[in-house]
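Only one structure is covered here, and it is reproduced in the block below.
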Amino acid sequence: MKIAVASGKGGTGKTTISTMLAYAADNSQYIDCDAEEPNGHIFLKPEIEKVIPFTLPVPEINTDICTFCEKCSNACVYKALVIVPQIKKVMFFDELCHSCGTCSYVCPVENALVEVDKEIGKIRIGKANHIAFVEGLLNIKEASATQLIVNLKNYVDNTKTVILDSPPGTSCTVVATLEDSDFVVLVTEPTPFGLSDLKLAVELVRNMNIPFGIVVNKHDDNVDLIEQYAKKENIEILYRLPFSEEFAKNYSKGILPFEEYKNDFKNILKTIEDRI
Amino acid sequence: MSKELVIISGKGGTGKTTLTSSFAYLMKDKIIVDADADAADMYILMKPDVKKKELFKGNMPARIDTEKCTKCDICKQLCRFDAISINDEGNYVVNEIKCDACDLCRIACPADAIEMVETISGEWYESETKYGIMVHAKLYPGAENSGNLVTMVKHRAHILSEEKNIPYILVDGSPGIGCPVISTISGADFVVIITEPTQSGLHDLERVKKLCDSFKVKTGVVVNKYDLNEEVSNKIKSFSEENGSVFLGVIPFDKSVSKAIVNEEIPYVACDSIKKPIDEIFNKAMESL
Chain A
15 MKIAVASGKG GTGKTTISTM LAYAADNSQY IDCDAEEPNG HIFLKPEIEK
65 VIPFTLPVPE INTDICTFCE KCSNACVYKA LVIVPQIKKV MFFDELCHSC
115 GTCSYVCPVE NALVEVDKEI GKIRIGKANH IAFVEGLLNI KEASATQLIV
165 NLKNYVDNTK TVILDSPPGT SCTVVATLED SDFVVLVTEP TPFGLSDLKL
215 AVELVRNMNI PFGIVVNKHD DNVDLIEQYA KKENIEILYR LPFSEEFAKN
265 YSKGILPFEE YKNDFKNILK TIEDRI
Chain B
9 MSKELVIISG KGGTGKTTLT SSFAYLMKDK IIVDADADAA DMYILMKPDV
59 KKKELFKGNM PARIDTEKCT KCDICKQLCR FDAISINDEG NYVVNEIKCD
109 ACDLCRIACP ADAIEMVETI SGEWYESETK YGIMVHAKLY PGAENSGNLV
159 TMVKHRAHIL SEEKNIPYIL VDGSPGIGCP VISTISGADF VVIITEPTQS
209 GLHDLERVKK LCDSFKVKTG VVVNKYDLNE EVSNKIKSFS EENGSVFLGV
259 IPFDKSVSKA IVNEEIPYVA CDSIKKPIDE IFNKAMESL
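Written as structure tokens, this is what we have:
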């Protein structure tokens, strides 16, 4: 069973809910797909056993045999290659490269343009007690974590309850995380910001045709906001985690009350199982 | 040239929009930009009156003409984004969400059966608000997280500021360190990073600060809800000072902030406890700009 935890809005408690779900399951794997800012390790405190560099191919041009025909630079839609034939100069802007392979495909001269591996991030694998831990970590200055997330999915262990901690938002990195999951938990908070972003997340998950439910975090007096929306849209609220200053204080130290909430989160997992 | 002040956070939900809306209230003569296109929330507090709406053309994904397609499989083998598959009817089809619009399949197709098609991936607006002109955008859910859209709304804000002789541009950014954030901070004159005194907040601050450094933009740091954990808050202060950021100040935790947001009011206006701290932060930021 693969459960993705997403939110639309950032800071609503995706990592809190993800790690608590992973803790409550008997045999689980936690995969941190928020490769731009992964935080699951702060609470699970895993022992990292392996760090695997994640690379993507980028072009390298041998100017001794390059004919400066400009076929590669003309074909590159991302404008990552610039050739100036007059002065026999090649410029490559790696931060614009999407590793699509078009330049090497169109190059007419053998070995003039070869692809070499460039590290764009790391995959960290380890264990946090009974939880198998996997994390994607994007290198700073890299623009897109999408391919890294796609690759993270190769580490999914289907014999386990897999929890995928998604990046915020509703764009391509989130799509890559949610794809092929059996269920999506949307974490929100009872504010107009939370609701506005929740609506976008619901639209995305509905487009992707994945069953989903809502967890309301920092549940307080403003309950109606999310409740009314969920009722109107006929979406199940799986759980309401009340706001507590003590909870927030412990969270700030990197501590979550895993044991205290274990049964509640076991029940959420049971509900999800029934819905799939 | 107008000066551009950007507010980002690394970690989501640390109070970017709370701070940006307060700055929007305090700052005279500016254009407001909401660059958090896939979770744009400034509109809730700014209540923009949309004057102009334009469609945003996204990238151009491939489309396969099944009449012309000979099912040679070349495109599927070449595609590095796993965007081409065979559907139930046995036809080759492109998944537009996965397609990166690199053009390789079109170039390689021996049957000339592929073309790249224009798509609309969002909208952007020019609006009037009580606090000045606002340029904002909305990316359709699932669309390519286009730094291009951010670049475009910022560009539009700069044009307007030139035309109308407006000295400042105030930008609300998105969380993370990826393409929209890179587009948001490039060209900025000063970046305010707002964080919270948690292990996660500190971890994410370190990463986003490094990103700003690599683009050589000046940064300032604000700790929101500092009294939740004064120890971590002090750590953040030392981290900022040791790493060449201006420490702009702290904002206390106050439950009435979320109440203000629920009432769709600017927290600075509605909550007395945060007024003085934000005044100081704002003045310091303007001095650094």
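Protein chains in written order, with the working numbering: chain A, 15 to 290; chain B, 9 to 297.
By construction, the Cβ of each residue, glycine as well, lies at the ideal position given by its N, Cα and C atoms.
Those residues which DSSP pairs with A:M105 across a bridge: A:V96
Where B:G252 falls, given that 16 or more other Cβ within 10 Å makes a residue buried: exposed
Simplified DSSP state of A:I210, which is helix, strand or coil: One detail in the question is off: residue 210 of chain A reads as Ser in this sequence, not Ile. Helix at A:S210.
Beta carbon of A:K174 nearer than 7 Å to that of A:N41: yes
Among B:M50, B:K226, B:I244, nearest to B:Y33 - alpha-carbon criterion: B:M50
Sufficient close CB pairs (3 or more, under 8 Å) joining the segment 219 to 227 of chain B to the segment 192 to 200 of chain B: yes
Outcome for A:L178 when other beta-carbon atoms lying within 10 angstroms are tallied against a minimum of 16: buried
Residue range of the beta strand (DSSP E) that includes A:I228: Counted as a single uninterrupted DSSP element, the beta strand (DSSP E) harbouring A:I228 occupies residues 226 to 233.
Segment contact, 8 Å Cβ cut-off, at least three pairs: the segment 44 to 58 of chain A with the segment 216 to 227 of chain A: no
Inter-residue spacing [alpha-carbon to alpha-carbon] between A:K85 and A:P99: Going by the C-alpha atoms only, they are around 11 Å apart.
A:S158 at chain B interface by Cβ criterion, 7 Å: So, interface residue.
Chain A residues whose Cβ lies nearer than 8 Å to that of B:A109: V91
Distance between B:I259 and B:N237 (C-alpha atoms, nearest Å): Taking the straight line joining both Cα atoms gives about 12 Å.
Among B:L53, B:S182, B:L86, nearest to B:T137 - alpha-carbon criterion: Ranked by Cα distance from B:T137, the first of B:L53, B:S182, B:L86 is B:L53.
Selection of the segment 137 to 156 of chain B by Cβ proximity to chain A, strictly under 9 Å: K146, L147, Y148, P149, G150, A151, E152, N153, S154, G155
Through-space distance from B:D280 to A:Q43, alpha-carbon basis: Between A:Q43 and B:D280, the alpha-carbon positions lie close to 45 Å from each other.
Minimum C-alpha distance to A:E250 - residue among A:H233, A:G227, A:A142, A:L239: A:G227
Contact between the segment 267 to 279 of chain A and the segment 166 to 185 of chain B (3+ Cβ pairs under 8 Å): no
Cross-chain neighbours of B:G20 in chain A, by beta carbon under 7 Å: K23, G24, G25, P182
Closest by C-alpha distance to A:N153, when choosing among B:H144, B:D120, B:V216: B:V216
Where A:S87 falls, given that 16 or more other Cβ within 10 Å makes a residue buried: It counts as buried.
Runs of beta strand (DSSP E) wholly within the segment 103 to 141 of chain A (minimum 3 residues, chain order): 103 to 106
Minimum length 3: unbroken beta strand (DSSP E) runs contained in the segment 35 to 89 of chain B: 38 to 42, 57 to 65, 70 to 72
Bridge-paired residues (DSSP) for B:E12: B:I177
Min CB distance B:K61 to chain A below 7 Å: no
Cβ-based contacts, 7 Å cut-off: residues of the segment 193 to 220 of chain A near chain B: T205, P206, F207, S210, D211, L214, E217, L218
Reference B:G257; option with closest CA among B:I269, B:L219, B:E204, B:D120: B:E204
Environment of A:P67 [buried if 16+ CB atoms lie within 10 Å]: Here A:P67 is exposed: its Cβ has fewer than 16 other Cβ atoms, across all protein chains shown, within 10 Å.
Uninterrupted alpha helix (DSSP H) stretches inside the segment 168 to 221 of chain A (no shorter than 4 residues): 186 to 192
Selected residue, minimal CA-CA separation from A:E74, among A:T33, A:I31, A:E51, A:E124: A:E124
Neighbourhood of A:E2 by C-beta distance below 7 Å, restricted to the same chain and skipping five residues each side: In this structure chain A extends from 15 to 290, so residue 2 of chain A is not present and cannot be described.
Within chain B, the residues that A:I56 reaches when beta carbons sit closer than 8 Å: Q207, S208, H211
Distance CB(B:I5)-CB(B:I174) smaller than 7 Å: Since the first residue of chain B shown is 9 and the last is 297, residue 5 of chain B is not available in this structure.
Cβ pair B:L157, B:A45 closer than 7 Å: Yes. Within cutoff.
Cutoff 6 Å; reference B:P275; Cβ partners in own chain excluding five residues on either side: Setting aside the 5 residues that flank it on each side, B:P275 is surrounded in the same chain by T26, V265, A268, each with a C-beta closer than 6 Å to its C-beta; the list follows chain order.
Where A:E51 meets chain B, residues with beta-carbon distance less than 9 Å: G18, K19, G20, P183, G184, I185, S208, H211, D212, R215, V216
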